[in-house]
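Take a look at the structure below.
Residue numbers (the numbering used here): 124 to 348.
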């Protein structure tokens with residue numbers, strides 16, 4: 124289990140959410156951008172479109188979490204329950220704000236703290252320079268383009284990683300084993316377009332693809348919008 128869940132402040136806050144029926148209405152409607160700015164241990168209710176499906180990153184997060192995004196920002200929801208959320212669904216979550224190895228997360232207090240609307244909304248990824256993937260983009264769906272500057276390397280059992288650079292600085296691309304993505308054509312110097320969740324592990328910022336079409340090979344000299 125992630126050690127985050129064992130800290131006294133998180134245990135106490137989760138218990139508070141479960142014990143007070145009206146607390147979700149008190150915090151209802153918080154924009155994700157504003158929720159991210161709260162102090163760790165704060166209880167918040169946020170709502171957004173699913174940008175990472177349930178359990179997609181389980182091999183690296185050891186949870187069945189998902190990510191949501193609204194017009195103001197995005198965030199990862201860390202839960203041990205698989206809510207079977209797919210891309211485009213809508214989720215409203217009441218939980219505790221915290222940090223997990225540098226990544227800002229919300230931990231639901233229980234199954235009833237996640238309200239789901241099966242939907243088919245699209246979130247347009249934000250085009251961003253490789254050198255600008257940082258705290259400001261964290262939690263959002265982003266798209267980067269550049270050349271593979273470091274070849275694919277194993278980080279098993281968690282996943283695989285390689286680096287992309289568009290001239291503004293290298294960024295790590297991390298692919299969780301559980302996503303089952305084909306990286307066989309990801310050669311050093313290959314020009315690529317990568318869509319994914321803007322995440323963080325310890326001090327390393329990264330882009331995390333979710334599905335195969337998040338990874339596109341581009342012919343040399345091509346830079347499509």
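The beta-carbon is built from N, C-alpha and C at its ideal position, and this holds for glycine as well.
Identify, in the order they occur along the chain, each residue of the same chain with its Cβ nearer than 6 Å to the Cβ of residue i, setting aside the five sequence neighbours on each side.
i	result
residue 145	Because the pLDDT of residue 145 is 39, which lies under 50, any placement of that residue in the model is unreliable, and the question is left without a value.
residue 334	none
residue 209	176
residue 325	224 and 225
Taking DSSP's pairing of strands, which residues face residue i in a bridge?
i	result
residue 285	296
residue 175	190
residue 278	282
residue 329	295 and 322
residue 197	192
residue 220	229
residue 269	315
residue 170	215
Pick out whichever of the options has its Cα sitting closest to the Cα of residue i.
i	options	result
residue 217	174, 325, 165 and 302	165
residue 197	234, 309 and 153	153
residue 282	161, 170, 159 and 185	185
residue 248	324, 175 and 162	175
residue 271	298, 255, 231 and 315	315
Ordered along the chain, which non-local residues of its own chain (more than five positions away) have a Cβ less than 7 Å from that of residue i?
i	result
residue 172	191, 192, 211, 213, 244 and 246
residue 126	Any answer about residue 126 is weak, because its pLDDT of 45 lies below 50 and its placement is not dependable; what the coordinates show is given next. So the list is empty, once near-sequence residues are dropped.
residue 156	195 and 196
Starting from residue i, follow the beta strand (DSSP E) in both directions and report where the run begins and ends.
i	result
residue 343	Looking at the DSSP string, residue 343 is not in any beta strand (DSSP E), and its letter there is neither H nor E.
residue 160	Counting along the chain, residue 160 falls outside any beta strand (DSSP E), and DSSP gives it neither H nor E.
residue 230	226-231
residue 238	237-240
Could you please give the first and the last residue of the uninterrupted alpha helix (DSSP H) stretch that includes residue i?
i	result
residue 321	Not the alpha helix (DSSP H): residue 321 falls in the beta strand (DSSP E), residues 314-324.
residue 183	181-184
Keeping to the same chain, check which residues put their C-beta closer than 8 Å to that of residue i; ignore five residues upstream and five downstream.
i	result
residue 142	Low confidence applies to residue 142: its pLDDT is 44, below 50, so where it sits in the model is not reliable, and the reading given next is rough at best. Closer than 8 Å at Cβ, skipping near neighbours: no residue.
Kindly indicate if chain C contains any beta-carbon less than 8 Å away from that of residue i.
i	result
residue 263	The structure shown contains no chain C, having only a single protein chain.
Just checking, does the region 290-297 make contact with the region 235-242 on the three C-beta pairs under 8 Å criterion?
-> Remark: fewer than three beta-carbon pairs, one from each stretch, lie closer than 8 Å, so the region 290-297 and the region 235-242 are not flagged as touching.
Would you say the region 296-305 touches the region 322-333, given that touching needs at least three Cβ pairs under 8 Å?
-> The answer is yes - the region 322-333 touches the region 296-305, with three or more Cβ pairs under 8 Å.
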